[in-house]
Amino acid sequence: MTDDSSEEERRGRIKCVVWDLDQTIWTGVLLEDATVTVKPEVVEAIETLDRLGILHSIASKNDHQAAWTQIERSGLAEMFLCPQIGWNAKSHSVQQIAEKLNIGLDTIAFVDDQEFERAEVASACPQVLCMDPAELAEAMRTPVFQPRFITDESRERRQMYRNQIRRDDEEERFVGTPDEFLSQLGLVVRIESATRADLQRAQELTVRTNQLNSTGRTYSYDDLDKSRTSDDHRLYVVALDDRFGSYGKIGLVLIETSVKVWRLRLLLMSCRVISRGVGGIVLSHLMRQARDACVELQADLVETGRNRMMQITYAFAGFREIGRADQQVTLRADLDVIPPAPPFVRLITD
1067 MTDDSSEEER RGRIKCVVWD LDQTIWTGVL LEDATVTVKP EVVEAIETLD
1117 RLGILHSIAS KNDHQAAWTQ IERSGLAEMF LCPQIGWNAK SHSVQQIAEK
1167 LNIGLDTIAF VDDQEFERAE VASACPQVLC MDPAELAEAM RTPVFQPRFI
1217 TDESRERRQM YRNQIRRDDE EERFVGTPDE FLSQLGLVVR IESATRADLQ
1267 RAQELTVRTN QLNSTGRTYS YDDLDKSRTS DDHRLYVVAL DDRFGSYGKI
1317 GLVLIETSVK VWRLRLLLMS CRVISRGVGG IVLSHLMRQA RDACVELQAD
1367 LVETGRNRMM QITYAFAGFR EIGRADQQVT LRADLDVIPP APPFVRLITD
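Note that the numbering used here has the sequence shown beginning at 1067, numbered continuously upward.
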């Protein structure tokens, strides 16, 4: 379970543990044994990981109603998001969970007592960390399960994802255009200068966010603190709320400033808000700031292969390529044509 990545880059990589049921969460086989008993050490592990901000789900070949009834009796039902209980291949279930939670397969750990099932998932989804239940206690002490900081977002992550599932369910039932759906959410975007209290979450965002990270770079707490207090840098955090509740702090912006040019060194957004257009809203705000300051606005983009959506976000905001060295791209904003913020979004800035 090791590779050549540094510990800091790998730290806190696991976002969700996907559990088998029979002989994994409980002793016995539900459809064969008169009774099954939830393992106390598993309950302890689930609760410990939940406090770290790590989510839980289920991939089990079982009768859904019987299995879920047993989970409810165990008092664990609130812990599991998007459970996949049925007769599909475990790899399919894991992929469904990743899609529903909008997280990468490389952020998932799969726990199953059956070597065959682990091998099937590992073959179809090689990014997933697969392990026997007996290996979990030791694995939980490794960097991939240990975020550097436990933030407010960590402690509330399960509820935030539950709120997101409610949003997704309502959106699926909604009859109308995407903009019409967004217009009745009561979206509030906050773009504020980072304080010292924000740095733990800011550092966590750089480690956990890949799809909407403009450079793919991670930043340490000390790096961010240095930028926050630097005279020639601006560090912003972005938060989002709607009528379902808070998404928490979901974005980070780092700008290097000079007399003639502001350079966006980093723009990242949590994948949870990929459909809310927050990246474009933030860019429009920064473009207006640059225009009012009579400076040029440029941006760094590193094509990582996973951040295609960030390239699209920049393009829609009116950024165009002015330089390239392999995957390292320099973009420049057209400040004569700044996209307006959607009318249904309330923007709060400091």
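All C-beta atoms, glycine included, are put in the ideal place defined by N, C-alpha and C.
Worksheet item: Between the beta-carbon of M1335 and the beta-carbon of G1314, is there less than 7 Å?
Response: no
Practice prompt. For V1254, I'd like the list of residues in its chain whose CB is within less than 6 Å of its CB, leaving aside the five on either flank, ordered along the chain.
Written response: So the list reads D1307 and R1412, once near-sequence residues are dropped.
Worksheet entry | Member of S1259, A1391 and V1339 whose CA lies at the smallest distance from the CA of M1375 | V1339
Worksheet item: Where A1100 and L1087 are concerned, what is the direct C-alpha to C-alpha distance, given to the nearest angstrom?
Response: 15 Å
Practice prompt. Put F1310 into one of helix, strand or coil per three-state DSSP.
Written response: Under the three-state reduction of DSSP output, F1310 falls in the coil class, being neither helix nor strand.
Worksheet item: Are L1397 and L1367 closer than 7 Å when you measure CB to CB?
Response: yes
Discussion item. Tell me the residue span of the beta strand (DSSP E) that contains W1085.
Written reply: C1082 to W1085
Item to complete: Over the uninterrupted alpha helix (DSSP H) stretch that includes S1293, give me the two end residues.
Response: Y1287 to T1295
Worksheet entry | Beta-carbon gap between L1118 and C1082 smaller than 7 Å | no
Practice prompt. Would you mind stating whether G1346 and A1305 have Cβ atoms separated by less than 7 Å?
Written response: no
Item to complete: Report back the beta-carbon spacing between T1379 and L1332 to the nearest angstrom; my notes put them in contact at under 8 Å.
Response: In this structure T1379 is not in contact with L1332, their Cβ atoms being roughly 13 Å apart against a cut-off of 8 Å.
Item to complete: For D1400, I'd like the list of residues in its chain whose CB is within less than 6 Å of its CB, leaving aside the five on either flank, ordered along the chain.
Response: Here the set comprises G1384.
Discussion item. Against chain C, with Cβ distances strictly below 7 Å, would L1301 count as a contact?
Written reply: Structure shown: chain C not included; a single protein chain is present.
Fill in: Proximity winner among I1080, R1139, D1178 and N1373, relative to I1124 (alpha-carbon distances)
D1178
Item to complete: Please list, in chain order, all residues of the same chain as F1240 whose beta carbon is under 8 Å from its beta carbon, the five residues on each side excluded.
Response: E1246 and F1247
Worksheet item: Who are C1196's beta bridge partners in DSSP?
Response: F1176
Worksheet item: Nearest to L1271 by alpha carbon, out of H1351, Y1287 and S1126?
Response: Y1287
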